[in-house]
Amino acid sequence: MGTANSTPIPGGGTEGYHILKVQDNSPGQAAGLEAFFDFILAINTTRLDKDNDTLKEMLKNGDGQELILSVYSSKTQIVREVKIIPNSSWGGQGLLGVSIRFCSFAGANENVWHILDVHPNSPADKAGLRSHTDYIIGSDSIMHESEDLFMLIEAHEGRPLKLYVYNVELDTCREVSITPDSAWPGEGSLGCGIGYGYLHRIPVKKISQNKDIPAPPVIKPAVINNVMASASQVPEIINPP
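Everything in the sequence shown is counted per full-length UniProt numbering, starting at 1 for the first residue and increasing by one.
#1: Look at Y196 and S146 and say whether their C-beta atoms are less than 8 Å apart.
#2: For the stretch 55-68 against the stretch 78-97, are there 3 or more C-beta pairs whose distance is under 8 Å?
#3: Leaving out the 5 sequence neighbours to the left and right, which residues in its chain are closer than 8 Å to G128 when beta-carbon positions are compared?
#4: Rounded to the nearest angstrom, what separates V82 and T54 at their Cα positions?
#5: Taking 8 Å as the threshold (C-beta atoms), are F102 and Y198 in contact?
#6: One question on the structure: do C173 and D117 come within less than 8 Å of each other, judged by their Cβ atoms?
#7: Spatial neighbours of G158 within its chain, please: CB distance less than 8 Å, with the 5 preceding and 5 following residues excluded, ordered by chain position.
#8: To the nearest angstrom, how far is the alpha carbon of E15 from that of I78?
#9: Which of the three DSSP states is assigned to N167 in this structure?
#10: DSSP state of F39, grouped into three classes?
#11: For A42 and K21, which I take to be in contact (beta-carbon distance under 8 Å), what is that distance rounded to the nearest angstrom?
#12: Is the beta carbon of residue 245 sitting closer than 8 Å to the one on D38?
What follows is the structure, encoded as structure tokens:
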């Protein structure tokens, strides 16, 4: 299993544009961009390590032309080249049809919540959550810490809560609507165990050895930052309130 440090980041640093949503039938979908896991680091040979209009202007100037994106995946922990053609007339919003947010991808694989045992007839069961193979990877609210999810659950008692869930067996993401209910006959308001920490991260997806992965392009300007590895989180299993 690889680590984030096993693949050099083009141009250094840990900043990029996090892809939050990919619209159906968009240029982004056609190029294989993946919501939540992918971060755009560079366009052609320009490193995108600052939150400015560089990406916007280069996409606008490249409307209808093939561009090369350097994309980091927190799932595979590699940087890959993505060929994409911005299109202002594809039929949806934006030139790529993706929603993005500038941020750091350091620790991106840490902020996930592993669904453990799902109890029959619980809110989690009714929402279709799957024991041990489902991971909560996001919501409409930004979540950075373990407690953020549980605070969100408490705030939505008796009201639908939208979560984005990745299934490791199917290798797919889906939207799940769940209604926390502390009055259901079982334990907790969701009726499932939730694991957070090192032992509950999404397993790194291995790339086939016989699949050729092109080397990332040389990025300029090269801004090399030393990235200190954060201390490992203590694994914990938490039952939601």
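Even glycine gets a Cβ: it sits at the ideal position worked out from N, Cα and C.
If we stick to the structure as given:
#1: A contact, by the Cβ cut-off of 8 Å.
#2: Contact between the stretch 55-68 and the stretch 78-97 is present, because at least three Cβ pairs lie under 8 Å.
#3: Only residues of its own chain outside the window of five on either side were considered, and among them V176 have a CB closer than 8 Å to the CB of G128, listed in chain order.
#4: About 18 Å.
#5: Taking 8 Å as the Cβ cut-off, Y198 and F102 do not qualify as a contacting pair.
#6: No, the pair does not count as a contact, with Cβ atoms beyond the cut-off.
#7: Take G158, set aside five residues on each side of it, and the residues of its chain with a beta-carbon closer than 8 Å to its own are T179, P180 and D181, in chain order.
#8: Roughly 15 Å separates the two Cα atoms.
#9: Of the three classes helix, strand and coil, the one that applies to N167 here is strand, per DSSP.
#10: Looking at F39 - three-state DSSP - the assignment turns out to be strand.
#11: Not really, about 21 Å apart at Cβ, beyond 8 Å.
#12: The question about residue 245 has no answer, for the chain in this structure spans 1 to 241.
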